[in-house]
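Take a look at the structure below.
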Amino acid sequence: MQDFKGMVKQIIIVVSGGILLAAATLFASSQYAIDENTMEKGAIEIDRFVSPDTCGECHSQIFEQWENSMHHLAHKDPVYSRVAQFLRKGLTDKEEIKEAESCVKCHTPVGHITGFPKKVSDDLSKTPEIAAQGIQCDYCHSAHKIKQMYNNGLVLNPGQGEDDPGIKYGPFDDCEPDFHEAQYSGLHTESRICGTCHDVKHVTFGTDLETTYTEWKNSPYNSTDPQKKVECQGCHMYQRPGIPATGSTPRPENPGSATDYSDERPHIFTHYFVGANAAVPGKFDGQIKGEMAIERLQNAATLSVDTSRIKKKKLKVTVTNSGAGHSIPTGVGDLRQVWLEITILDKAGKTRFQAGVLDDKHVLPKDALIFRTVFGDGKGKPVINLAKARQVLSDNRIKAKQSVTQTIKLPTFPGKGSTVTVRLLYRSMPQKVLNLIPGKPFEPLPVVEMAKVQKKI
């Protein structure tokens, strides 16, 4: 009998539409199916999952794309782990504690459904190796059913490990792999498979904490016209180096092979999953993914400046969400920072006005024009800690294909010949929050220029 590696190299495995944090409504009965109650009890043996390294034996190109992506690094991301553990400390309200402990459900999903870690305060250094791989191949390609469209409400149908890997679900209906069974799953090409982890509700208060999927669902990209509809995969799984694949750029197909041994297809979904994080992948030898995140951000929005009323000491700035299929910013809307930096120099080069300029500690001034969600404690007081979020106080983020205009009141007329410079900037976490975390100080996160306009008065 040939050894396992020899057998693996003959595989033609189905490639799914996504390494996405979700599941399929397509139900396939199987002797391996995991019901929802069993999953909640954490009674699934971890050796039922196939290691990503094994998948990489045949899917080498896709494995390389996924490796050191933000999905791969979901558990290892040092910003996430340190901030999550910091926000957990000091809580006494049991409902708040329950929410603060729940991040592992999406960040370490294989570990969560197999019993460890069950909460953020567990000793994460003891996380089994396969669980520490974050959002991984067998996790997504075992997804066959959705029980709820938030908080990782997916149901899995894994096999019995490498000796009997079971069914893997994906977007092709003509696969005949040797290593495992394959079954077509239309849901692996739909946004819903992203939605169960990219919509997050407070586990006890029900507050909408992240609404990326809902933002897409309510956007023009979710068109009833099939020719105009763009699923999440239509941008995020068409992107590759040099091709940002946003709503404002071309999204050409990615011809190639699903495996190292199969025929070429018109399009193979890419698995880079960079989102907008320009910092973390580079810390794990994923510099190309950081560059891709910047490319995506630079093709997500546009700026325009109206100086027609500047003599009346008023400046209008319009930001248009031209390329994102969801709000800008999305995700954890109170922690992602998108803001306007405005500088006006007179004709002699002297600063006459500025707003949104970081101080020497890389902290934004209080009066900066920030696009964000503000959560409250239920009594109208803003809170930073999501675990305390009983309400949404405000949300001025820019919806997909919509524009927001801000009118800035100037202290004086800057004078003829002055130059107005406006930049739309992004970073994935406020430095003010990072400065609170005990231990080794965080390096300032990259500030990415999404758009820039200069205008002479």
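In terms of our numbering, the sequence shown opens at residue 64 and continues consecutively. The C-beta atom is built at its ideal place from N, Cα and C for all residues, glycine as well.
Nearest-angstrom Cα distance between K413 and F332? 51 Å
Our contact map puts K161 next to V266 with C-beta atoms below 8 Å; I'd like the distance itself, whole angstroms only. 5 Å
So the alpha helix (DSSP H) I176 belongs to, where does it begin and stop? P172 to T177
Give the single residue among P509, V455, V485 and T475 whose Cα lies nearest to the Cα of T274. V455
What residue range is occupied by the uninterrupted alpha helix (DSSP H) comprising D116? P115 to G119
Relative to the C-alpha of C295, which candidate in L250, K264, G319 and D288 has its C-alpha closest? It is L250.
Within the chosen definition, does the region 406–421 reach the region 281–298 through at least 3 CB pairs nearer than 8 Å? no
Report yes if the CB atom of L366 is closer than 8 Å to the CB atom of V485, and no otherwise. yes
Whole angstroms are fine: how far does the CA of R372 sit from the CA of K379? Distance between the alpha carbons of K379 and R372: 8 Å.
Distance, Cα to Cα, G353 vs A418? 28 Å
Cα-Cα separation between T171 and A308, rounded to whole angstroms: 28 Å
Out of curiosity, what's the CA-to-CA distance linking E316 and I306? 10 Å
What are the partner residues of Y489, as DSSP defines its beta bridges? V401 and V511
With DSSP as the reference, identify every bridge partner of P445, one or two as the case may be. BP columns for P445 point to G439.
Kindly indicate which residue of C260, R359 and Y335 has the alpha-carbon position closest to the one of T277. The residue among C260, R359 and Y335 with its C-alpha nearest the C-alpha of T277 is C260.
Cβ-Cβ separation, V437 to M133 (assumed contact under 8 Å), whole Å: So it is not a contact: roughly 25 Å between Cβ atoms.
Taking the DSSP output, what are the residues bridged to S367? Answer by DSSP bridge pairing, in chain order: T381.
Host beta strand (DSSP E) of I256 (start-end): From DSSP, I256 is part of no beta strand (DSSP E) but of the alpha helix (DSSP H) over R255 to H261.
Rounded to a whole number of angstroms, what is the C-alpha to C-alpha distance between A387 and D186? 37 Å
From Q517 to P509, what does the alpha carbon distance come to, in whole angstroms? Taking the Cα positions, Q517 is about 22 Å away from P509.
Is the distance from the Cβ of E244 to the Cβ of V113 below 8 Å? no
Starting from T475 and walking both ways along the beta strand (DSSP E), at which residues does that stretch end? Segment: none, T475 is in no beta strand (DSSP E) and carries neither H nor E.
Using the beta-carbon count (16 or more within 10 Å), is V420 buried or exposed? exposed
Exposed or buried, V511, counting other C-beta atoms within 10 Å across all chains shown (16 or more means buried)? buried
Checking the sheet assignment: what are the DSSP bridge partners for I373? Its beta-bridge partners do not exist; DSSP assigns none.
For the alpha helix (DSSP H) containing H204, name the first residue and the last one. C200 to H204
Determine the extent of the beta strand (DSSP E) in which Y247 is found, giving its start and end residues. Start and end: E244 to Y247.
Would you identify the three-state DSSP class for R460, choosing helix, strand or coil? In the structure shown, R460 falls within a coil segment according to DSSP collapsed to helix, strand and coil.
Within a Cβ cutoff of 8 Å, which residues of the same chain sit near P318, ignoring the five residues on either side of it in sequence? E327, R328, P329, H330 and I331
Per DSSP, what kind of secondary structure is H578 in: helix, strand or coil? Any property of residue 578 remains undetermined from this structure, which presents the chain solely from 64 to 520.
Can you tell which of Y284, Y324, M513 and G178 has the C-alpha that lies nearest to the C-alpha of C238? Among Y284, Y324, M513 and G178, the Cα nearest to that of C238 belongs to Y324.
Nonlocal neighbours in the same chain, by C-beta distance under 7 Å from I351, ignoring five residues either side: Contacts found: P304.
Starting from E273, follow the beta strand (DSSP E) in both directions and report where the run begins and ends. D271 to T274
Is DSSP giving V142 helix, strand or coil here? helix
So for R359, helix, strand or coil by DSSP? helix
Nearest to K168 (by Cα), restricted to the options N214, F126, A147 and K152: N214
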